[in-house]
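Protein chains in written order, with the numbering used here: chain A, 523 to 802; chain B, 14 to 251; chain C, 284 to 621.
Okay, so here's the structure we're looking at.
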């Protein structure tokens, strides 16, 4: 019974961790950029959701109607004006620009929201129910549903729309995509926008699942890295599997060893299969 | 006489201090097949890269119809009706054949007719219809070239540039592909520029030709009228 | 019609002998100042910081700017050194500071050798990610490890407590040795190989550069000196815990110093470290804004001065202080091109 309980918990959390990694995988796989500010983006998403929820007195999930488009816009502009220009100078300068962004955002959040821990409370935060002797947390179930729906929407967008196809084509061969009439700079900006939008959703989930403060970003950056590298860059199914593996590690290792186990797993994957489990 | 479809006027392109294309001029009329021949490293690919906006020219002008397209972004140029099929085809290997083709109709002007054009492409290359769900990376070299041609056709171009389409293909496949290029030209009146090292084949198919050597156009004329000796001299620069 | 220029013919090289003599004089003056007590404690405190940051920045520069290994995990060796100093000088072992520092550096070398087995299979962003995660993993390990006090960490009580003067001389020595080593290394065949690797790793391998041994040498040297500098930092801090030892802001400061000064120049990190220390001092007046200002400066420098201060100066004025080119003199006389 303990085994099944662990499996269920890990599975439910898997969606949540995949969601944290999905924005990172897009940027690494498509724009070929290591975005060190992704953790801060997630935390900004959490703060936005928290402010809107308390300000308007609505259900936290409804806040996505505002945060997702807003974060998309910020991401688009950021890539179009700033990061895109740094990328022309090579991968290291671009990496360091995101590094700069990450510390700027960290302090900006500290100035705006102080260092106090925050969280997003819901009526179902602590409720659980039992099915066949297995305890299921309502919150984990909600997070799982949010994550799966977002990832499905993202995958529909990438596979069924002209812009989504253009994004995949650009990831494959940017010059050939330009020859098919794609504006590469714009596609990169859209990809960053989508990544930011996913960070908005991930941020909401982070806020509902645990407390957060302006310096929490680093931990989520590492989580995203682990999920992305284990799953293989740019692969959505791989990200989901990696999310579940990560979730299981957290459940089995608990608070003190969960992170450590996943880091060691990441290093092992890097050594054995550097392109990830499903990577080619 | 009416305006030529594509006019390249005294175009120069350089990489740093190295000048790869040095004041090249050429023109293509509507519905014409033109061949651009020359040795390896003569600057043919650099010239077409500059024409399609992949490289920025250092001086000179490119006109498409009456419009100056010099230094425009590639995506703009493609949507105006000038497409390049790059060396090796460069398919999106991880995407399905159908997705590759649909990518070609990315320019807004081509999207409305995408379904109809897709039908034409499958008519031209029936083998692609059979393999429409397969990833392009799993196809043979010749089939990948067909995907690349089909992708370019999806944008409904007025002018198509083929950069060494025969490279690495078997003679039978080359012959097949050239037949289809001919039929593209006949059916849609698409102007075609063939970049080739295989002089004989290119001359047989084209209306006029240009010979490039060390970055310059050294000889041009009607393909049917050239004599072998003059051509050889221009081609090798002896 | 094919024009080629050899840019080195335009570069005036301002290194030895006048520049080298000037530097030796400066170093000797600093030593005399420290030994004779001519420098006030306030200035000495600045100097210690500058010396240590120069060392760390120079090491990161060697890794990223010359060997193409953009590490985001150098804090790993700072943390190891800090913990080693705390442990070795504790009543349990009771060693003096100097041996404690050497132990820290030794442990770092061993760990770096082990890490190289994992890290050197990776390139580019995978390498950066792996270094960051490896440092995080060690942080977690120390969080869970009872012997080093878990999350609460250790108190550092060195007995006898070293004088500021001693610390200053020690830091100066580490800094001078590090600079001399980097400068010397870059002017040997190894330096030539490193530069080739940075420009194109495949071509470098194809002309016979042993990629693995070059990388290993640089990585281990960087770990050794970063650990020495990091260990001294913790002497003054008094405590160490996982989040302070393995803090990514250590690497942030190295990156800042190298970028501002100019990566791929030996003199760059020296300028960068001086700017960083003074900027940090000034920024203490604006609590909460320091990272915003540092981050903005980093981004602006990358966008508008991509070669950093020294790199830009070199390009503008066409001279080079401390050229790492072995053949700069011969090339200078060679009027290449037409």
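Where is the CB? At the ideal position from N, CA and C, for every residue including glycine.
Excluding the 5 residues flanking it on each side, residue 142 (chain B) has same chain C-beta neighbours closer than 7 Å at 135, in chain order. Scanning its chain for C-beta atoms nearer than 8 Å, with the 5 sequence neighbours on each side dropped, one finds around residue 80 (chain B) the residues 93, in chain order.
In the structure shown, residue 76 (chain B) adopts extended strand secondary structure according to DSSP, grouped into three states. Interface flag for residue 703 (chain A) against chain B is set, since a Cβ pair is found closer than 7 Å. Residue environment analysis places residue 343 (chain C) among the buried positions, since at least 16 neighbouring C-beta atoms fall within 10 angstroms of its C-beta.
Secondary structure of residue 239 (chain B) (DSSP, three-state): coil. By a beta-carbon distance limit of 8 Å, residue 569 (chain A) does not contact residue 669 (chain A). Their separation comes to about 20 Å.
Under the three-pair Cβ rule at 8 Å, the stretch 154-170 of chain B counts as touching the stretch 117-131 of chain B. In the three-state reduction of the DSSP assignment, residue 657 (chain A) falls in the strand class.
Within the stretch 531-592 of chain A, the complete alpha helix (DSSP H) segments at least 4 residues long are 560-578, listed from N- to C-terminus. In this structure the stretch 527-539 of chain C lies against the stretch 354-362 of chain C, because at least three pairs of beta carbons, one per stretch, are closer than 8 Å.
Here residue 95 (chain B) is near residue 172 (chain B), since their CB atoms are less than 7 Å apart. Among the residues facing chain A, residue 414 (chain C) is not included, as its CB has no counterpart in that chain under 7 Å away.
In this chain, the alpha helix (DSSP H) harbouring residue 474 (chain C) covers 472-482.
With a cutoff of 7 Å on beta-carbon distance, residue 228 (chain B) and residue 63 (chain B) are scored as not near each other.
Contact between the stretch 470-488 of chain C and the stretch 305-314 of chain C is absent: fewer than three C-beta pairs spanning the two stretches fall below 8 Å. DSSP places residue 26 (chain B) in the uninterrupted beta strand (DSSP E) bounded by 19-28.
Nearest CB-CB separation between residue 614 (chain A) and chain C: below the 7 Å threshold. When 7 Å is used as the limit between beta carbons, residue 607 (chain A) is near these residues of chain C: 586, in chain order. Beta-carbon to beta-carbon, residue 418 (chain C) and residue 507 (chain C) are separated by about 17 Å, too far to satisfy the 8 Å threshold. Only residues of its own chain outside the window of five on either side were considered, and among them 349, 350, 351 have a CB closer than 7 Å to the CB of residue 481 (chain C), listed in chain order. Residue 417 (chain C) reaches chain A at 789, counting residues in chain order whose Cβ is nearer than 7 Å. Per DSSP, the beta bridge partners of residue 172 (chain B) are B:95, B:204. Burial is judged here by how many other beta carbons sit within 10 angstroms of a residue's own beta carbon; residue 559 (chain C) has at least 16 and is buried.
Among the bridge pairs identified by DSSP, residue 640 (chain A) is matched with A:734. Per DSSP, the continuous alpha helix (DSSP H) segment holding residue 218 (chain B) begins and ends at 212-218. Among the residues of the stretch 767-781 of chain A, those with a Cβ less than 7 Å away from any Cβ of chain C are 778, 779, 781, in the order of the chain. When C-beta atoms of the stretch 390-407 of chain C are compared with those of the stretch 371-380 of chain C, fewer than three pairs fall below 8 Å, so the two segments do not count as touching. Rounded to the nearest angstrom, the Cβ distance from residue 789 (chain A) to residue 420 (chain C) is 7 Å, consistent with a contact under 8 Å. Pairing residue 518 (chain C) with residue 453 (chain C), the inter-Cα distance amounts to about 12 Å. In this structure, residue 411 (chain C) lies near residue 556 (chain A), with their beta-carbon atoms less than 7 Å apart.
Rounded to the nearest whole angstrom, the C-alpha separation of residue 65 (chain B) and residue 455 (chain C) is 58 Å. Residue 375 (chain C) sits in coil when the DSSP states are folded into three classes, being neither helix nor strand.
Against chain A, the beta carbon of residue 474 (chain C) has no neighbour under 7 Å; the closest one sits roughly 20 Å away. In the three-state scheme derived from DSSP, where H, G and I count as helix and E and B as strand, residue 570 (chain C) is classed as coil. Nearest in C-alpha terms to residue 207 (chain B), of all of B:107, B:200, B:219, B:60, is B:219.
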